[in-house]
Structures are given as C-alpha cells and as structure tokens.
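S.K.: Sharing a structure with you now.
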Amino acid sequence: MSESDKKLKLEAQAAIHDPSRSALRRYALLTTGGTSLWGLFVYELVTGLFSACPGALGIWLRRTFYRRLFAEAGRDIIIGRNVTIRGFGCIRAGRRVVLDDNCVLDARGAGASITLGDEVLVGRNSIVRCRGESLTIGEGTDIGCNCLVATDSRLAIGRDVLIAAYTYIAAGGNHNTQDKTIPIRKQGFTSRGGVTIGDDVWIGSHVAILDGVTVGRGAVIGAHSLVNKDLPDWAIAYGSPARAERFR
C-alpha cells in the first residue's frame, strides 16, 4: 500500500466524522459511499420497502429492485431478508449468487470493488467488506455463516472454495503503532501484500487467515487454525500457527 493510499484511507475515515458535513450527508457516505442525497433517497426507498419482506415474494422483490444498488447483478440472484448493500456502483454479482439473511456487502472508498463470481454463496450473518481496494471471490465459492472477509489491501479468493462458519480472513488492516504521541487509529495502515486463496481450498471453522498469506490450490486448513504464513498447493495444515503436516 502506497503512502497516498494510506492517506486516502485516513481521509475517508475522517470524512464520516467531518463536522462540516450534515449528519444526513455523513450517513449517505456511510451507506452509499457518496454524499448524494438522491442516492441516499433511492437506497432508503429500496431497502425500506423490500429488505424485510418474507418468503418467495420478498426474494422476487429484492431480485427486481435491489439491482439498483449493484454495479451489476446476474440472472437468478437470491437476496435474503435484511441483507445490507453498501457502496453504489462498486459491487458486482454473477449469475445465481445467493446472499443469505442478514449478510453485508460493504465496498467504500476510492477504487473499492467487490466482485462475486457465478454461484457464490454468502452465508447468514457474514460480512464481506473492502475499503478502497479490490475483493474478488471466484465462482462456486461457499462462505459459511458468521464469517468476516475484509480487506484494506488486495484480497482474492479462487473458485470452488469452501469456507466454514466463523472464519476470519483479513487482508491489510495492520495498524501502525510506532508513534506513541498519536492515537493508533490515526496512524494509518501497513499492508503485507493482501491475501490470495487458490482454487478448491477447504477452510475449517473458526480459522483466521492474516494479511500477507497465500494459500495454495487444493489446500485443506483444519478448524481453529491461525494462518500467518504461506501454505503450498495440496497441503493439509492445522495448528496455531498453521503448518503443512502432510499433503493430499
């Protein structure tokens, strides 16, 4: 992450608390990624009317009207109840994507983008979030419930990846701490290169994958593992920190 990128992220954070902006425009910035009151009106209208609608009717209404909240939404997308979409024009979803109840897609900041390939499933209560960077999830990937997939750097997840419940994947977000005279939250971030997860990976429950890690194709990661180093293709790894104990 360049110094200019760090500066932009700090400025984006400051903008949400900017006392020169009205509370309404700061709320618009939080929800839509911009300060347009018309954009906020559309967002509030669509989500207010259709977010909580139950059953098949609710699925149809959200499939029809939530398209306004995406840059692109493929055919036969399923959007559950109380799904939160933040960041107009920054999120692309392929065909037959499933967003289960209460999940969050949040893309904000200059250059932010979330791309979900065909037939991606984001489980109930899971959060997929990026700040000013790209986050891509390959086709056929299944994210379990109550997961957090977040990036302030680059994050790329391959095809046909299985991510079990309560998994934490964080690219970026390494707060600088060197200057004791400045609060940590105001010192910016250091990126270790983001996270890359190859195709056909199986990640067990309660796994944490940290910034700077590459997980190779076909790897299997045991439950409750902490992954802070690269894992090779076809590795079966577990532990804290996770190590490749054998190969498929």
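According to our numbering, the sequence shown is numbered sequentially starting from 216. In this text, a Cβ means the ideal position worked out from N, Cα and C, and glycines have one as well.
So who's on the other strand from T366, going by DSSP bridges?
M.R.: Note: T366 sits in a beta bridge opposite C345 and A386.
S.K.: Suppose you measure from the CA of G419 to the CA of A325; what does that come to, to the nearest Å?
M.R.: For G419 and A325, the distance between alpha carbons rounds to 33 Å.
S.K.: In terms of residue numbering, what span does the beta strand (DSSP E) encompassing V319 cover?
M.R.: V319 -> beta strand (DSSP E) spans V319 to R323.
S.K.: On the criterion of 16 or more Cβ atoms from any shown chain inside 10 Å, does L272 qualify as buried, or is it exposed?
M.R.: Its Cβ having fewer than 16 others within 10 Å, L272 is exposed.
S.K.: Of the residues G249, T279, T250 and S251, which one's Cα is nearest the Cα of V261?
M.R.: The shortest Cα separation from V261 among G249, T279, T250 and S251 belongs to T279.
S.K.: Kindly confirm or deny that the region 322-341 and the region 354-372 touch, where touching means at least three C-beta pairs closer than 8 Å.
M.R.: With a cut-off of 8 Å, the region 354-372 and the region 322-341 count as touching, because enough Cβ pairs lie within range.
S.K.: Just the Cα atoms here: how many angstroms apart are L363 and R339?
M.R.: Those two C-alpha atoms are separated by around 11 Å.
S.K.: Can you tell which of V410, K444 and F303 has the C-alpha that lies nearest to the C-alpha of G249?
M.R.: Taking only the C-alpha atoms, the option nearest G249 is F303.
S.K.: Nearest to F256 by alpha carbon, out of A423, R283, H232 and I274?
M.R.: Among A423, R283, H232 and I274, the Cα nearest to that of F256 is on R283.
S.K.: Rounded to the nearest angstrom, what separates V232 and P398 at their Cα positions?
M.R.: In the sequence as presented, Val is not what sits at residue 232; that position holds His. In a straight line, the C-alpha of H232 is about 16 Å away from that of P398.
S.K.: When burial is assigned at 16 or more other CB atoms within 10 Å of the CB, is R277 buried or exposed?
M.R.: Per the 10 Å Cβ criterion, buried.
S.K.: Please determine, among I294, R458, R463 and Q402, the residue with the shortest C-alpha to C-alpha distance to I424.
M.R.: Taking only the C-alpha atoms, the option nearest I424 is R458.
S.K.: Less than 8 Å between the C-beta atoms of V410 and L370, yes or no?
M.R.: Yes, the pair counts as a contact, with Cβ atoms nearer than the cut-off.
S.K.: Using only the alpha-carbon positions, how far apart do W449 and H421 sit?
M.R.: Using only the alpha carbons, I get a separation of about 20 Å.
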